[in-house]
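One structure below.
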Amino acid sequence: MNSKHWIDRIRTSSQTDPAPWYEVENVDQVFSPALLIHPDRVQANLDRMIEIAGGADRLRPHVKTHKMPAVVEMNIAAGISRFKAATIAEAEMTAAAGAKDVLLAVQPVGPNIQRFVRLVESYPSCEFSCLVDDSSILTQLETEFRAADVQGRVWLDLDVGMNRTGIAPSCAATELVRLIDASKHVRLAGLHVYDGHLHDTDTEHLKQQFDESTKPFWDWFGELQRTLGHTVKLVAGGTPTSAFWQAESRSRNVEIETGAGTTVLWDAGQPTFSPVMPFEPAALVMTRVISRPTEFDVCLDLGHKAVASEMPLPRVKWLNFDADHEVVGHNEEHMVLRMTRPSPLRCGDVLYGIPVHICPTVALHQHAECVKDHRVIEKWPVVARNRMLTI
139 MNSKHWIDRI RTSSQTDPAP WYEVENVDQV FSPALLIHPD RVQANLDRMI
189 EIAGGADRLR PHVKTHKMPA VVEMNIAAGI SRFKAATIAE AEMTAAAGAK
239 DVLLAVQPVG PNIQRFVRLV ESYPSCEFSC LVDDSSILTQ LETEFRAADV
289 QGRVWLDLDV GMNRTGIAPS CAATELVRLI DASKHVRLAG LHVYDGHLHD
339 TDTEHLKQQF DESTKPFWDW FGELQRTLGH TVKLVAGGTP TSAFWQAESR
389 SRNVEIETGA GTTVLWDAGQ PTFSPVMPFE PAALVMTRVI SRPTEFDVCL
439 DLGHKAVASE MPLPRVKWLN FDADHEVVGH NEEHMVLRMT RPSPLRCGDV
489 LYGIPVHICP TVALHQHAEC VKDHRVIEKW PVVARNRMLT I
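For what it's worth, the numbering used here labels the leading residue of the sequence shown as 139, then goes sequentially.
Have a look at this one:
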């Protein structure tokens, strides 16, 4: 099903709904600022993710976007069984929610190596793995898994131009694969390739970037498979390039799981650096006017501690407010909007907005307000905003 079909469906749905989809009838019972989650939209995004990928078994969505057991459970109910996590706490939360396979998408170092081994021991029904790109860390992992008398799994982290983590596809990478194969208590799960530096709203331009960036990898990958004598699984790509990786999977007959995370909740930023994709916002921030210092200025209770502030201003796309304005102040607990003409907004008025970056926005909230049929019905704890749970 193509993107246009989904976009038309979204538009038709919004036209037939008697009230805007984002409005909350019992908003007077919701403290602000608040994070609102719409599970019907989460479900729609999950369905689209699976359809685009060609099956739930081709997905390994990143839980860093939502950090919530309730969303993990929705993924599992949709048939998704594999996940990525950015922290040990996220990995533990995901396993506790019922996941059977969790990749810690970072190379553990220092005491986190021991924490990771304890995680593997504590949840025997879940298959954990982590990244590795350094032989000294591989040695430490082998030592700790041997001491615990358990088997560990690692993915070799490959760098295709982002220059953040990983090892370049090279003889050194091949040698690291050999070292993993020679280990007794650590085995190779596959290869991890993250290309978060690739983004463009033009599909053809993005595909050109993708082809140029991944060509050295594919050349090396072919040599590696000939050396090993067997195929190797991949976890690859972020949201913008996920469709390209799935196309490569089919054309090269290689098993590839895509690890996009933003797609489950979406945000206002992703469409500014990705091709058109058939996802809809499923998470919002709700804020109230708390002061009117001048007839042109409006102060909201949506500070740095309620919406991610690492992006340039503006950091929210408003849904029920379209007056010409600019953000002239953003502090810990305040956001000040300055209008080009006197504003009709009054103290207590409610604004709904889509964050530009949803992942760090979610992490600022202890819980999300779950909205069904225009009413907040329960709270969903953002469990993995904590850096440590029980391990």
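Just so it is clear, CB atoms sit at the ideal spot from N, CA and C, and this is done for glycine as well.
Asked, Found
"Residues near G193 by beta carbon distance below 6 Å, same chain, minus five either side", "none"
"Residue burial classification, V298 (beta-carbon count within 10 angstroms, cutoff 16)", "buried"
"Inter-residue Cα distance where the pair is K455 and E433", "22 Å"
"Residue burial classification, N164 (beta-carbon count within 10 angstroms, cutoff 16)", "exposed"
"Cβ-based neighbour list, I529, same chain, cut-off 7 Å, excluding 5 preceding and 5 following", "I226, E230, R253, R256, L257, S260"
"Pair within 7 Å by beta-carbon distance, L422 and L184", "no"
"Residues near W518 by beta carbon distance below 7 Å, same chain, minus five either side", "I175, M206, A208, H505, A506, C508"
"Through-space distance from K353 to Q346, alpha-carbon basis", "11 Å"
"Run of the alpha helix (DSSP H) containing Q339, from where it starts to where it stops", "Looking at the sequence itself, residue 339 is Thr, so the reference to Gln does not match. T339 -> no alpha helix (DSSP H), and no H or E assigned at all."
"Of the residues E161, G467, D487, H463, the one placed nearest P480, counting alpha carbons only", "H463"
"Nearest-angstrom Cβ-Cβ length linking I318 and L329, presumed shorter than 8 Å", "About 11 Å; that fails the 8 Å criterion."
"The stretch 439-449 / the stretch 468-487 touching (three or more Cβ pairs under 8 Å)", "yes"
"Beta-carbon proximity list for M526, same chain, < 7 Å, skipping 5 on both sides", "A227"
"Counterpart residues of D239 in DSSP-defined beta bridges", "R220, E265"
"Cβ-Cβ separation, V315 to L294 (assumed contact under 8 Å), whole Å", "6 Å"
"Distance between E280 and Q289 (C-alpha atoms, nearest Å)", "9 Å"
"Continuous alpha helix (DSSP H) stretch holding G485: start and end", "The sequence as given places Cys at residue 485; Gly does not occur at that position. No alpha helix (DSSP H) holds C485; DSSP gives it neither H nor E."
"Own chain residues within Cβ distance below 7 Å of D460, not counting five before or after", "none"
"Reference P307; option with closest CA among D271, D338, G334", "D271"
"Whole-angstrom distance between A406 and V494, CA atom to CA atom", "4 Å"
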